[in-house]
Amino acid sequence: MTQNTPRKTTAEELVKFYVPRNLKRQLQELAASRNIALSAMLRLVVSEYIKTRQ
Numbered sequence: 005m006t007q008n009t010p011r012k013t014t015a016e017e018l019v020k021f022y023v024p025r026n027l028k029r030q031l032q033e034l035a036a037s038r039n040i041a042l043s044a045m046l047r048l049v050v051s052e053y054i055k056t057r058q
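Under the working numbering, the first residue of the sequence shown is numbered 5, with each subsequent residue one higher.
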């Protein structure tokens with residue numbers, strides 16, 4: 005029997021962009037040093053950038 009579970013709705017959007025390989029490597033190293041995923045590191049960096057610019 006198949007269960008119909010409601011999907012979780014979020015206010016999130018996909019952002020996809022290209023970066024130089026060296027920048028990606030540096031971001032991955034920074035994320036690894038903090039034990040977080042690359043996507044979490046990018047969210048942190050962008051959030052902090054926006055906070056300091058407002």
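A virtual CB, placed ideally from N, CA and C, is assigned to each residue, including glycine. Because the structure is a prediction, the values reported are computed rather than measured.
Is it true that the CB of Met-45 sits closer than 8 Å to the CB of Leu-34? yes
Whether Leu-42 touches Leu-31 by CB criterion (8 Å): yes
Three-state secondary structure (DSSP) at Thr-14? coil
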